[in-house]
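Participant: So the sequences go chain by chain: P and H. Residue numbers for the first sequence follow numbering that gives the first Met the number 0, so the first one is 0 and each next one is one higher. Residue numbers for the second sequence follow numbering that gives the first Met the number 0, so the first one is 0 and each next one is one higher.
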Amino acid sequence: MIKTDVAVIGGGPAGMCAAIEAANAGAKVIVFERSRNLGGQLVKQTHMFFGSQKQYASKRGFDISKILRDQISQNKNITVMTDATVIGMYEDGVLTIEHDNKYKKVLPRATVVATGASEKFLPFNNNDLPGIYGAGAVQTLMNVYGVKPGDQVVMVGAGNIGLIVSYQLMQAGVKVNAVIDAAPRIGGYLVHASKIRRMGVPILTSTTVKTAHGTECVEGVTLVKLDENWKEIPDSEFYLPCDNLCIAVGLSPLTELMWQIGIEMAYVPQLGGYVPKSNKNMQTSRPEVFVAGDASGVEEASSAMVEGRIAGLNAAKFLGYYTTDTDSKLADYFEQADSLRSGPVGEKIRAGLKLAELD
Amino acid sequence: MRIEKHPILTFEKGETVTFTYNGTVYSGFKGEPIASALHANGVRTLGHTHDKHRPRGLYCAIGNCSSCLATVNGKPNVRICVEPLTEGMVVTQQNGRGVLKK
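1. In terms of alpha-carbon separation, which member of H/Pro83, H/Ser65 and H/Lys29 lies closest to H/Gly95?
2. Output the boundary residues of the beta strand (DSSP E) element that contains P/Arg184.
3. Determine which residues share a DSSP beta bridge with P/Thr95 and list them.
4. Listing by chain order, which chain A residues have their CB less than 7 angstroms from the CB of P/Cys241?
5. In the DSSP assignment, what are the bridge partners of P/Arg59?
6. Please identify, using Cβ separations under 8 angstroms, the residues of the segment 20-53 of chain P that lie next to chain H, in order along the chain.
7. On the criterion of 16 or more Cβ atoms from any shown chain inside 10 Å, does P/Ser117 qualify as buried, or is it exposed?
8. When the Cα of P/Ser57 is compared with those of P/Arg68, P/Lys75 and P/Gln44, which residue comes out closest?
9. Find the residues of chain P that neighbour H/Gly73, judging by a C-beta separation of less than 8 angstroms, and give them in chain order.
10. So P/Glu118 is in the alpha helix (DSSP H); what residue range does that whole segment cover?
11. For the alpha helix (DSSP H) containing H/Leu37, name the first residue and the last one.
12. According to DSSP, which residues form a beta bridge with P/Lys224?
13. Mapping the DSSP letters down to three states, classify H/Val89 as helix, strand or coil.
14. How long is the line joining the alpha carbons of P/Val30 and P/Val223, rounded to whole angstroms?
15. How about H/Phe18: is its C-beta nearer than 7 angstroms to some C-beta of chain P?
16. Alpha carbon to alpha carbon, what distance is there between H/Gly22 and P/Ala300?
17. Taking the C-alpha atoms as reference points, what is the distance between P/Phe61 and H/Ala34?
18. CB H/Thr53 to CB H/Gly46, shorter than 7 angstroms?
19. Which residues in chain P sit within 8 angstroms of H/Gly62, going by Cβ to Cβ distance?
20. Could you pull out every residue in the same chain whose Cβ sits closer than 7 angstroms to the Cβ of P/Ile160, ignoring the five residues on either side in sequence?
21. Is any beta-carbon of chain H found at less than 7 angstroms from that of P/Val146?
22. Since P/Tyr321 meets chain H, which of its residues come closer than 8 angstroms, beta carbon to beta carbon?
23. Is it the case that the Cβ atoms of H/Gly97 and H/Asn76 are separated by a distance below 7 angstroms?
24. Are the C-beta of H/Thr44 and some C-beta of chain P separated by less than 7 angstroms?
25. By the 7 angstroms beta-carbon criterion, what residues does the segment 248-265 of chain P contribute toward chain H?
26. Can you tell me which of P/Cys216, P/Ala211, P/Asp226 and P/Val153 puts its alpha carbon nearest to the alpha carbon of P/Ala182?
27. Between P/Gly311 and P/Gly172, what straight-line distance do the alpha-carbon atoms span, to the nearest angstrom?
28. Does P/Asp127 get closer than 7 angstroms to chain H when you measure Cβ to Cβ?
29. Indicate whether P/Pro129 and H/Arg1 have their beta-carbon atoms separated by less than 7 angstroms.
30. Specify the secondary structure class of P/Gly11 as computed by DSSP and reduced to three states.
31. Since I believe P/Asp242 is in contact with P/Cys216 (beta carbons under 8 angstroms), could you give me their beta-carbon distance rounded to a whole number of angstroms?
32. Confirm, please, whether the CB-CB distance from P/Gln70 to P/Ile19 is below 7 angstroms.
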């Protein structure tokens, strides 16, 4: 049995920040990461981040990942286990992991769940054809491994991910034939939308996928226009060729582990689906289990990092690792989280978080 | 299908290795996922389903969705979107569930 003060499940932006904060407060931390490297999805984010200086604004995601990784490797209180998938969470606090093809047990005194999210899918005919990829997969192929996902792409989803990935596709030399969205309005920031429009890519709203075509791989797609009630308009179908149909229709929190120990959950569409209820300290209905990042509700990497810091500090505090600057740091992080979710852009998230509040 | 020039990124490439996929010899970079090397070689259909024999490719590319399972060096159900490529790997398309050898 491996013992530690704090187990952090997931080494993405939220998990890395949680580990750093808990370790700086004095707790011994192990980070469990299922892939070969820390960084999570930051490693494929080539765009510059928004927010303030504290949230690494105007730095690119993969550079932020490097900064956090360096801080972790220099921190004596943090052990990193990569290729380590947490597969079970038990009511007595034990975690079971698969590491190096072996089954191992871990007994932490507190746990931060920072498992992230998985990509949502869309129902349409032939939606299982090869060449129909999630937007994250497209980013991984082209931004991490330098492989073009296709020669011509139709992007499904005009939220920020769809818009940003469309731009990244063009940077990689791939033609984007259109960005479509079932909603009547573009969901992402207009600054991203105008950038790709200027490059000649049409953004078609009130449009959805009817059928993908192809035998072994996708070769094209039939699209259809929707009316104000999101019903298909008869005879409005049209065809676009593509060898990559990129699906950017949102993410669902990865919450399986929390279900396993009966943590109180809530269905919150604004946050991507079922999320654990938590208080503002990111503490769940199991007091020794904290949550951060997309696993607590899908937002973006900046708020995931702030949530990670809040969860890490509180996990340490829960175990008695309380330093003179714990409270001032927490106050700062709460303020940063509020500011990231302020204004009309954060309205949906704020409404969602209210529904996920732990009484 | 490799990106030759990129305005922001430089790609660290491992040494070139060769591997086989369904008996055909391909080359890729050591350490990149098998599926990435296959994709760069134009191979995007990675298997067929056990019931309706529909073609399967990758979907998430980060080991979440199990759409890319293949047999690697005799071991079935390997997620080749995250499995690192090594010299001489024998990768075969899996049609259906795959069989564990005793």
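Backbone N, C-alpha and C define an ideal beta-carbon position, used for all residues, glycine too.
Facilitator: The answer reads as follows:
1. As a working note, residue 95 of chain H is residue 96 in the second sequence. For H/Gly95, the nearest C-alpha among the options comes from H/Ser65.
2. Start at 1 with the first residue of the first sequence, and residue 184 of chain P comes out as number 185. Here P/Arg184 belongs to no beta strand (DSSP E), and DSSP marks it neither H nor E.
3. Numbered from its first residue, the first sequence carries residue 95 of chain P at position 96. The partner list for P/Thr95 (beta bridge, DSSP) reads P/Gly87 and P/Lys104.
4. Reference to chain A is not applicable here, since the protein chains of this structure are P and H.
5. If you number the first sequence from 1, residue 59 of chain P lands on position 60. The partner list for P/Arg59 (beta bridge, DSSP) reads P/Met47.
6. Arg33, Ser34, Arg35, Gln40 and Thr45
7. Taking the first sequence and counting its residues from 1, the one referred to as residue 117 of chain P is at position 118. By the neighbour-count rule (16 or more Cβ atoms within 10 Å), P/Ser117 is buried.
8. Here the question's residue 57 of chain P lines up with position 58 in the first sequence. When only C-alpha atoms are compared, the closest one is P/Gln44.
9. Reading the second sequence from its first residue, position 74 is the one you call residue 73 of chain H. Here the premise fails: no neighbours, minimum Cβ distance about 15 angstroms.
10. For the purposes of this step, residue 118 of chain P is identified with residue 119 of the first sequence, where counting begins at 1. Counting along the chain, P/Glu118 falls outside any alpha helix (DSSP H), though it belongs to the beta strand (DSSP E) covering Ala116 to Glu118.
11. As a working note, residue 37 of chain H is residue 38 in the second sequence. Unbroken alpha helix (DSSP H) run through H/Leu37: Ile33 to Ala39.
12. One-based indexing of the first sequence puts residue 224 of chain P at position 225. P/Lys224 is bridged to P/Thr206.
13. Position 90 of the second sequence holds residue 89 of chain H. Residue state, collapsed to three classes: strand.
14. In the first sequence, the residue the question calls residue 30 of chain P occupies position 31. In the first sequence, the residue the question calls residue 223 of chain P occupies position 224. Cα-Cα distance, rounded: 46 angstroms.
15. As a first step, residue 18 of chain H is located in the second sequence; it is residue number 19 there, counting from the start. No, H/Phe18 lies away from the interface with chain P (no Cβ there is under 7 angstroms from its Cβ).
16. Within the first sequence, residue 300 of chain P is the residue found at index 301, counting from 1. Within the second sequence, residue 22 of chain H is the residue found at index 23, counting from 1. Near 42 angstroms, if we compare the C-alpha coordinates of H/Gly22 and P/Ala300.
17. Within the first sequence, numbered from 1, the residue matching residue 61 of chain P stands at position 62. Within the second sequence, numbered from 1, the residue matching residue 34 of chain H stands at position 35. Approximately 22 angstroms between the Cα atoms of the pair.
18. Counted from its first residue, the second sequence places residue 53 of chain H at position 54. Counted from its first residue, the second sequence places residue 46 of chain H at position 47. Checking the sequence, you will find Arg at residue 53 of chain H rather than Thr. In this structure, H/Gly46 does not lie closer than 7 angstroms to H/Arg53 by Cβ.
19. Numbered from its first residue, the second sequence carries residue 62 of chain H at position 63. The answer, in chain order, is Arg33 and Ser34.
20. As a working mapping, residue 160 of chain P is identified with position 161 in the first sequence. The answer, listed in chain order, is Ala134 and Ala247.
21. Taking the first sequence and counting its residues from 1, the one referred to as residue 146 of chain P is at position 147. Chain H, which has a Cβ nearer than 7 angstroms to the Cβ of P/Val146, makes this yes.
22. Start at 1 with the first residue of the first sequence, and residue 321 of chain P comes out as number 322. Near P/Tyr321 there are no residues of chain H at all, since even the closest Cβ is about 37 angstroms away, more than 8 angstroms.
23. Within the second sequence, numbered from 1, the residue matching residue 97 of chain H stands at position 98. Within the second sequence, numbered from 1, the residue matching residue 76 of chain H stands at position 77. In contact: H/Gly97 and H/Asn76 (Cβ atoms closer than 7 angstroms).
24. Within the second sequence, numbered from 1, the residue matching residue 44 of chain H stands at position 45. It does; some Cβ of chain P falls within 7 angstroms.
25. none
26. Along the first sequence, one-based indexing puts residue 182 of chain P at 183. Per the Cα distances, P/Asp226.
27. As a first step, residue 311 of chain P must be located in the first sequence, where it is residue number 312. As a first step, residue 172 of chain P must be located in the first sequence, where it is residue number 173. So the alpha carbons of these two residues sit roughly 41 angstroms apart.
28. Against the first sequence, residue 127 of chain P aligns to sequence position 128. Answer yes: the Cβ-Cβ gap between P/Asp127 and chain H drops below 7 angstroms somewhere.
29. Within the first sequence, residue 129 of chain P is the residue found at index 130, counting from 1. Within the second sequence, residue 1 of chain H is the residue found at index 2, counting from 1. Their beta carbons are not under 7 angstroms apart, which means P/Pro129 does not touch H/Arg1 by this criterion.
30. Within the first sequence, residue 11 of chain P is the residue found at index 12, counting from 1. P/Gly11 falls in the coil class under three-state DSSP.
31. Residue 216 of chain P sits at position 217 when you count from the first residue of the first sequence. Residue 242 of chain P sits at position 243 when you count from the first residue of the first sequence. Going by Cβ atoms, the distance from P/Cys216 to P/Asp242 rounds to 7 angstroms, so yes, they are a contact pair.
32. In the first sequence, residue 19 of chain P corresponds to position 20, counting from 1. In the first sequence, residue 70 of chain P corresponds to position 71, counting from 1. Yes, Cβ-Cβ distance for P/Ile19 and P/Gln70 is below 7 angstroms.
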